[in-house]
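The structure appears right after this line, and notes come after that.
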Amino acid sequence: MTKKHFCLKLIPARPTFAQDMTEAEREIMQKHVVYWKELMDQGLVIVFGPVSDPAGTYGLGIVEVENEELLKSMTENDPASSINHYEIYPMRAITPQK
Numbered sequence: 282m283t284k285k286h287f288c289l290k291l292i293p294a295r296p297t298f299a300q301d302m303t304e305a306e307r308e309i310m311q312k313h314v315v316y317w318k319e320l321m322d323q324g325l326v327i328v329f330g331p332v333s334d335p336a337g338t339y340g341l342g343i344v345e346v347e348n349e350e351l352l353k354s355m356t357e358n359d360p361a362s363s364i365n366h367y368e369i370y371p372m373r374a375i376t377p378q379k
């Protein structure tokens, strides 16, 4: 089965989120990093991390999944989805041969 690629943009609750997180928000974001690292270790995530946009930092991830149901599960189960939200875009990714 051909895998599908998606670009995920994690939009924070406010433009200053990265600079002024509360302790509770920081704890959630630490769990978020652990969660996505585990998905990366499973081969589902190609790259993820914060983007230092002058208009406001946001998260970016590129994923490779077999179906959109898995993608939905991945974003819904992300601890950060309780305080932020995702924009999801399909990609025609060109990746190295495995």
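With the sequence shown counted from 1, adding 281 to any position gets you the working numbering.
Built from N, CA and C at the ideal position, the CB exists for glycine as well.
Check, Outcome
"Contact check, Pro-331 vs Gly-340, beta carbons under 7 Å", "yes"
"Alpha helix (DSSP H) segment containing Thr-321, residue limits", "The sequence shown places Met at residue 321, not Thr. Residues 304-322."
"Residue burial classification, Asp-359 (beta-carbon count within 10 angstroms, cutoff 16)", "buried"
"Residue span of the beta strand (DSSP E) that contains Lys-285, given as start and end", "285-292"
"Cβ pair Ile-309, Ala-374 closer than 7 Å", "no"
"Simplified DSSP assignment, three categories, for Leu-341", "strand"
"Pro-371 - DSSP class collapsed to helix/strand/coil", "strand"
"Bounding residues of the beta strand (DSSP E) (the contiguous stretch that carries Pro-360)", "No beta strand (DSSP E) holds Pro-360; DSSP gives it neither H nor E."
"With 16 other Cβ atoms within 10 Å as the buried cut-off, status of Met-372", "exposed"
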